[in-house]
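FYI, the numbering for the sequence shown is -12 to 128, going by our numbering.
Below is one structure; the comments refer to it alone.
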Amino acid sequence: MGTTEEATWYRNGLKFRCSQCGNCCTGDPGRVWIDDEELKQIAELLGLSIGEVRLHHTRLYGRRLSLTEFANGDCTFFDAETRRCRVYPVRPRQCRTWPFWNSNLKSKQAWSDTQRDCPGAGTGDFYSLEDVERLAAEIDI
-12 MGTTEEATWY RNGLKFRCSQ CGNCCTGDPG RVWIDDEELK QIAELLGLSI
38 GEVRLHHTRL YGRRLSLTEF ANGDCTFFDA ETRRCRVYPV RPRQCRTWPF
88 WNSNLKSKQA WSDTQRDCPG AGTGDFYSLE DVERLAAEID I
């Protein structure tokens, strides 16, 4: 986003600490983009072949690969019993950079909406403007 006029509202940084509530992994279906390196890391963690992970846990959306969801919209790697991610240590970039997505940072209202769904947004660890912008630059969501 850069330190443009749009970013000035969070120029003093933001707070976030994952509460592991699972809200970002459940609910309405969406797209969680995944690249070949992330696919490989997930396969290694789970002790599966890349082909097995691709077949059972991904789908093509246009020209890009996305994780699949269960019928209720939960991520394919979300464990409903423990309310935890089964691949957390190697979760995709999109998951690692939550909630510091450009769509959540575009305005104070967008961040406020994010806080309503994510109990960790606005609490916990401090992220400087530079930290926030570095994370937001990793993937454009």
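Glycine included, each C-beta is placed from N, C-alpha and C at the ideal position.
Residue of the options minimising C-alpha distance to residue i
{"i": "Gln81", "options": "Arg41, Arg(-2), Leu26", "result": "Leu26"}
{"i": "Cys62", "options": "Cys11, Glu125, Ser115, Phe3", "result": "Cys11"}
{"i": "Thr45", "options": "Glu39, Arg51, Thr55", "result": "Thr55"}
{"i": "Tyr75", "options": "Leu33, Gly0, Arg(-2), Tyr114", "result": "Leu33"}
Distance cut-off 7 Å: residue i Cβ against heavy atoms of the ligand GTP
{"i": "Tyr75", "result": "Absent from the structure shown: the ligand GTP. Ligands present: none."}
Same chain, Cβ closer than 6 Å to residue i, five either side skipped, listed in chain order
{"i": "Phe87", "result": "Val119, Leu122, Ala123"}
{"i": "Cys5", "result": "Gly107"}
Neighbour-count burial assignment, residue i, 16 or more Cβ in a 10 Å radius
{"i": "Pro16", "result": "exposed"}
{"i": "Thr(-5)", "result": "exposed"}
{"i": "Thr84", "result": "buried"}
{"i": "Pro79", "result": "buried"}
{"i": "Leu52", "result": "buried"}
Helix, strand or coil at residue i according to DSSP, with G and I counted as helix
{"i": "Cys62", "result": "strand"}
{"i": "Asp104", "result": "helix"}
{"i": "Thr69", "result": "coil"}
{"i": "Thr55", "result": "coil"}
{"i": "Met(-12)", "result": "Confidence is the limiting factor: at Met(-12) the pLDDT is only 48, short of 50, which leaves the residue's position unreliable and the question unanswerable from this model."}
{"i": "Thr(-5)", "result": "helix"}
{"i": "Trp88", "result": "coil"}
{"i": "Asp118", "result": "helix"}
Span of the alpha helix (DSSP H), counted from its first residue to its last, around residue i
{"i": "Arg83", "result": "80 to 83"}
Beta-carbon proximity list for residue i, same chain, < 8 Å, skipping 5 on both sides
{"i": "Ala97", "result": "Ser90, Asn91"}
{"i": "Cys8", "result": "Arg70, Cys105, Pro106, Gly107"}
{"i": "Glu39", "result": "Ala30"}
Close-in-space but distant-in-sequence residues of the same chain around residue i (CB under 7 Å, 5 per side omitted)
{"i": "Asp127", "result": "Asn89"}
{"i": "Val19", "result": "Ser53, Leu54, Cys62, Pro79, Gln81, Cys82"}
{"i": "Ala67", "result": "Asp61"}
{"i": "Gln102", "result": "Ala108, Gly109"}
{"i": "Phe65", "result": "Gly9, Cys12, Thr13, Cys72"}
{"i": "Ser115", "result": "Gly0"}
{"i": "Ile37", "result": "Leu26, Lys27, Ala30"}
Closer than 8 Å to chain B by CB, residue i
{"i": "Cys12", "result": "The question asks about chain B, but that chain is absent: this structure has only one protein chain."}
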